[in-house]
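These notes are about the structure you will find just below.
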Amino acid sequence: ASEASGHPVSIQHLSASWTKGIEVEGIRVDSPPGFDEPLATIKRLHVKLDLKALLGGRIDAAAEVESPWITFIKDAEGRTNTEGAPGTKPAPPTTAPPPEGKDEGTPDDALPRVRLRIRNGVVRAFTAANSVPQEVRGLDADLEFDPRGATRLALQAIAARAAPGGEDAKVTIEALLPAKGQGDVRVDVPELDLGRVARVIECASGLCDLKGMVAVSIRGKAEPGPAYNAFLALAALQLVSFALAVTIAAAI
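Mapping the sequence shown onto this note's numbering, position 113 (from 1) lands on 268, and the numbers just tick up by one.
Here it is as structure tokens:
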């Protein structure tokens with residue numbers, strides 16, 4: 156489990172079958188020594204691969220994540236509790252020359268079909284200098300990527316105490332993008348103070364020094380290209396694959 160996630164992983168219950176997939180309850184990913192709280196806990200995780208599609212050379216994966224709780228911590232020495240996790244170290248430079256010819260993108264048949272559902276997620280971040288965490292809670296997300304159909308995304312979350320006056324701010328994102336042609340995108344971000352969610356954003360995405368007020372309301376059209384499709388599919392598949400790897404490693 157340590158090799159899969161970069162941190163010690165424990166589970167309370169595991170069940171698996173060829174028809175129902177793998178279900179895990181009570182997942183805990185510990186922080187490195189010196190940090191009091193775990194990096195992440197998940198109440199329930201269910202991962203399923205379509206075996207018929209897999210035998211046909213295609214990937215069709217679905218994952219459900221219930222009550223994920225992620226806590227980012229930075230101590231007085233500047234260490235973070237994510238050290239050792241996948242993606243926290245820069246990739247080594249490569250000297251291989253770029254491929255010649257025009258990039259035609261990834262063929263649709265080579266892209267995986269991925270469905271990801273997250274319910275009641277919480278992301279927290281705090282430092283040794285400020286023990287009051289910044290928090291995004293009530294995170295619900297549904298993502299479905301079908302290279303021969305459409306991409307669907309529905310996300311909502313509460314940025315705690317981030318609105319003017321210290322009230323909560325609700326963020327919603329909805330998108331329906333067909334494989335070909337234009338789709339609909341809707342983004343609603345009420346007025347919120349970036350400084351009150353800066354640590355969460357910095358830990359989750361690497362962006363830092365965010366300040367000021369922001370409000371966004373978008374109703375528009377979008378047409379995804381091949382590069383976008385490949386990026387979104389592989390990003391979603393990476394989440395499913397990581398969850399599956401942690402699950403298998405914890406069971407060994």
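C-beta: ideal position from N, C-alpha, C; glycine also.
Quick caveat: nothing in here was measured; it's all calculated off a predicted structure.
Residue from the options whose Cα sits closest to the Cα of residue i
i    : options                   : result
E329 : T237, D185, R292 and G375 : G375
Q167 : G176, S186 and L200       : L200
V409 : F190, V184 and L308       : Since the first residue shown for the chain is 156 and the last is 407, residue 409 is missing from the structure and cannot be characterised.
V164 : A315, W173, E178 and I182 : I182
P294 : P333, V278, F300 and P302 : In the sequence on display, residue 294 carries Leu and not Pro. Residue V278 is the option with its Cα nearest to L294.
E192 : L349, R213, I225 and T174 : I225
T306 : R268, A280 and E238       : R268
A312 : R213, T174, G276 and G367 : G276
G233 : G212, K198 and F190       : F190
L298 : T174, I197 and L310       : L310
Element boundaries [beta strand (DSSP E), containing residue i]
i    : result
A218 : D215 to K229
S186 : No beta strand (DSSP E) contains S186, which DSSP labels as neither H nor E.
R374 : M368 to A377
R307 : A305 to A314
For residue i, the first and last residue of its enclosing alpha helix (DSSP H)
i    : result
A324 : Taken as a continuous stretch (DSSP letters only), A324 belongs to no alpha helix (DSSP H), being part of the beta strand (DSSP E) at A324 to P333.
L209 : L206 to L210
Residue i classed as buried or exposed, judged by whether at least 16 other C-beta atoms fall within 10 angstroms
i    : result
P319 : exposed
G176 : buried
D339 : exposed
P188 : exposed
Q337 : exposed
R354 : buried
L347 : buried
G372 : Reading off the sequence shown, one finds Ser at residue 372, where the question assumed Gly. Exposed.
L271 : buried
T237 : buried
A370 : exposed
S186 : buried
A231 : exposed
Which of helix, strand or coil DSSP assigns to residue i
i    : result
V344 : strand
L266 : coil
E357 : helix
L298 : strand
G276 : strand
S170 : strand
D258 : Unreliable positioning characterises D258 in this predicted model, as indicated by a pLDDT of 47, which lies under 50. A coordinate reading is not provided.
L271 : strand
L200 : strand
S157 : Because the pLDDT at S157 is just 48, under 50, the model does not fix this residue reliably, and the point stays unresolved.
R351 : helix
G321 : helix
Cβ distance (whole Å) where residue i is taken to contact residue j below 8 angstroms
i    : j    : result
V291 : A315 : 7 angstroms
K229 : T282 : 5 angstroms
R351 : A317 : 4 angstroms
P302 : L331 : So it is not a contact: roughly 15 angstroms between Cβ atoms.
L204 : A216 : 5 angstroms
A296 : Q289 : Their Cβ separation, rounded to whole angstroms, is 19 angstroms, which puts A296 and Q289 out of contact at 8 angstroms.
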